[in-house]
Amino acid sequence: MEKIIRTNYLFDGIHPVQKGHIVIKDDKIIAKEFNWDYGAVSDQRKLLCYDDCFVMPGLMDNHVFFSGYLRMQAGIDLSDCHTKAEALAKIKAVAIKKQGDPIYFHGFDCEIWPEKPTSQDLDDLNYSGAISGIDQNRSYCWLNNHAKARYDLDETGTSAEAAVKLINELLADKKELTAAYQQYEKTLLACGVVATKEIVFDSADYFTWRPEGKFQTRFYIQAVAESLDIPRLINYKQATFPKNVTFGGAKIMVDGVVADETGETYGAYNSGIDQPQIDYDKITHLVKACNTQNIPCCLTTEGDKAAAKAAEILVQNSKRLPSGVYNSISDLEMITKETAKQMAEGKIVAEIYPQVLGLNESYEESYMEKVLPYKYASRFFNYRALEEANILLTSGTDLPLFITNLPEAIMRSVWRRFPQGKKRWQEENGLNSLSLLQSFTKNAFLANGIKDCGTLLKGQKAHLAIFNENLTTQDITRLEQAKVIATYIDGQLVYQV
């Protein structure tokens, strides 16, 4: 049986959007043309009319943390609690049935509660085990003292790295893991995602008991609770993992967060705080050790100075990698043209988070012109510099920071709009829509060494994401309403509205 998909808005991963059709047989695309001359329809050739829909390759989210998503979904759902008392009642009802085992919860919004919760509130339940939860805004951890001691965590430990002991416990809990993974996969399929680059803390052992997934996972190891274990990475490179799971490389953090004044920048912070001290010799040693074993590295930077130094380190070592294997720099909050040029010359992949402007409610409330002298403002999210340098550009979400949302990514990185207000962020430094679309498709798979996905050309896997609206529209209302109506993997429908 062949499936013919026709549309007025076909993006094949390479060319501008235009009228066209594709033909699918089994799990492969056997034809693609920018016309509707697809021949006869019969019992063996089924026509699917997505005429006013946007048909494109399935997306690859190039930076996700399943472990962070797991933490945000674990245990009791308190999203319907409007007060601290309601939440405590729910937690107490579960505690009565437990025997000192850890209790997890999530979903509450303490910003709207009349009274902020405290560890004493949970201690007053007189439960013998750890009780821990994180609010839906990822801004507050609510813990009893047993949990603080068990996880070496406090109320500010909202990052996945800070909660690594808690996360490792959750990853070992097969019931929690299974429930979260099923929801995680369902959520991403509904976003048109067919593959992810997943960041894993220290060890990938949990893949052996995590449920088998429909989409592809390429994982990178980030050292958090222990040093980066090069022999372990070599073993992962040679090992066979469950279906659709493969080892990608190593992730190394370089600096912190510019908004928190922990990123390394050329400009002095307006507050007068000192720049962070970064051990670049250690990072260089790790990159060299990995690249010598044909293991690529992803360095995460926010500040412009950290990005420049990361590019220098990767360029020095990238020649050790075989053809088609790439080092990368992720986040890239601040970008200079000089760094972009160096990355291009060294064939370093740029990995951005195109929804990130959404962390600022509006231009007036954004931090970019406040933390550093104004002359550095043009370096924030300067995606045009990456585009003009002809860098291999990919996109991720840092999930659970964001859930993959291609229309929102277009709003933030192409249109440069904030969630509120009319004033945009430096429109001249935004991406064009074709580059953004390619960053989630052709480029994303290419950067991860996956050659049979990412485009809708003949011979490629039939991975598709279909939206109800033309994503290249200039009508903001229509773009805001755009959503995935169908996702295909290997020619099979895996999600449909």
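The numbering used here numbers the first residue of the sequence shown as 903 and each following residue consecutively. Backbone N, C-alpha and C fix where the C-beta goes; we use that ideal spot for every residue, glycine too.
Using three-state DSSP, classify residue i as helix, strand or coil.
i: D1107; result: helix
i: G1260; result: helix
i: Q1322; result: coil
i: D979; result: strand
i: S1280; result: helix
i: N910; result: strand
i: S969; result: helix
i: Q1398; result: strand
i: T1238; result: coil
i: I1175; result: coil
i: R947; result: strand
i: V1066; result: helix
i: V1273; result: helix
i: I1132; result: helix
i: Y1265; result: coil
i: T1119; result: strand
i: N964; result: strand
i: M974; result: helix
i: L1301; result: strand
i: I1378; result: helix
i: M1245; result: helix
i: E904; result: strand
i: K1050; result: helix
i: Q1038; result: coil
i: A877; result: Residue 877 lies beyond the range of the chain shown here (903 to 1399); nothing can be said about it.
i: Q1362; result: coil
i: K1018; result: coil
i: Q1124; result: strand
i: E1100; result: strand
For the beta strand (DSSP E) containing residue i, list its first residue and its last residue.
i: D1233; result: S1230 to D1233
i: H1187; result: From DSSP, H1187 is part of no beta strand (DSSP E) but of the alpha helix (DSSP H) over Y1182 to T1194.
i: F1007; result: I1005 to H1008
i: M958; result: F956 to P959
i: V1251; result: V1251 to I1254
i: K934; result: K930 to E935
i: K1076; result: Per DSSP, K1076 belongs to no beta strand (DSSP E); it is in the alpha helix (DSSP H), K1076 to L1091.
i: L1055; result: Careful: L1055 lies outside any beta strand (DSSP E) and carries neither H nor E.
i: L1045; result: C1043 to L1045
i: L1295; result: L1295 to S1297
i: T1148; result: V1147 to M1155
i: T1389; result: V1386 to I1391
Taking 7 Å as the limit between beta carbons, can you name the residues of its chain near residue i, skipping five residues before and five after?
i: I1312; result: S1335, L1338, L1373 and L1381
i: D928; result: G1393
i: Q946; result: M903 and E904
i: L1395; result: A1388
i: E1329; result: R1318
i: K1211; result: Y1182
i: P1224; result: N1196
Considering residue i, what are the terminal residues of the alpha helix (DSSP H) in which it resides?
i: Q920; result: Careful: Q920 lies outside any alpha helix (DSSP H), inside the beta strand (DSSP E) at Q920 to K927.
i: D1025; result: S1021 to D1025
i: S868; result: Given a span of 903 to 1399 for the chain in the structure shown, any question on residue 868 remains unanswerable.
i: P1309; result: L1308 to S1315
i: A989; result: K986 to K999
i: S1220; result: D1206 to S1220
i: T1203; result: That residue, T1203, is in no alpha helix (DSSP H); its beta strand (DSSP E) goes C1199 to T1203.
i: A1349; result: K1344 to A1349
i: L1288; result: Y1285 to E1290
Given residue i, which residues of its chain have a CB within under 8 Å of its CB, disregarding the five upstream and five downstream residues?
i: A1092; result: V1386, T1389 and Y1397
i: K948; result: M903, E904, K905 and I906
Mind reading off the beta-carbon distance from residue i to residue j? Whole number of angstroms is fine, and I expect it under 8 Å.
i: K930; j: G1356; result: Not a contact, Cβ separation roughly 14 Å.
i: K994; j: C983; result: Not confirmed; about 12 Å, so no contact.
i: I1175; j: E1163; result: 5 Å
i: F1304; j: Y1265; result: Contact flag wrong, Cβ pair sits at about 19 Å.
i: R1314; j: G1260; result: 6 Å
i: Y1255; j: T1299; result: 6 Å
Indicate whether at least one CB of chain D lies closer than 9 Å to the CB of residue i.
i: G1323; result: This model lacks chain D altogether, as it is built from one protein chain only.
Going along the chain, which residues of its own chain have a beta-carbon closer than 6 Å to the beta-carbon of residue i, five neighbours each way excluded?
i: V1410; result: Since the first and last residues shown for the chain are 903 and 1399, residue 1410 lies out of range.
i: V925; result: E904, I906, I932 and A933
i: R1326; result: R1318 and R1319
i: T1194; result: R1222
i: Y940; result: I906 and H923
i: I1101; result: F967, Y1122, Q1124 and K1153
i: Y911; result: V919, F956 and N1372
**Message:** Count Cβ pairs between the segment 936-955 and the segment 913-922 that sit closer than 8 Å; are there 3 or more?
**Reply:** Between the segment 936-955 and the segment 913-922, the count of C-beta pairs closer than 8 Å reaches three or more; the two stretches touch.
**Request:** Say whether the segment 976-986 touches the segment 1003-1019, bearing in mind that this needs 3 or more beta-carbon pairs closer than 8 Å, one atom from each stretch.
**Result:** With the cut-off at 8 Å, the segment 976-986 and the segment 1003-1019 touch.
**Asked** Do the segment 1238-1248 and the segment 1169-1177 touch if we need at least three Cβ pairs shorter than 8 Å?
**Response** No: the two stretches stay apart, fewer than three of their Cβ pairs being nearer than 8 Å.
**Item:** Three CB pairs or more closer than 8 Å across the segment 1246-1256 and the segment 1130-1139
**Value:** Between the segment 1246-1256 and the segment 1130-1139, the count of C-beta pairs closer than 8 Å stays below three; the two stretches do not touch.
**Asked** For the segment 1077-1093 against the segment 1121-1136, are there 3 or more C-beta pairs whose distance is under 8 Å?
**Response** Flag = no, the segment 1077-1093 and the segment 1121-1136 do not touch.
**Request:** Indicate whether the contact test is met: 3 or more Cβ pairs, each with one atom in the segment 1040-1049 and one in the segment 1013-1026, closer than 8 Å.
**Result:** When Cβ pairs closer than 8 Å are counted between the two stretches, the segment 1040-1049 is seen to touch the segment 1013-1026, the count reaching three or more.
**Prompt:** For the segment 1190-1209 against the segment 1143-1160, are there 3 or more C-beta pairs whose distance is under 8 Å?
**Reply:** Touching, per the Cβ criterion.
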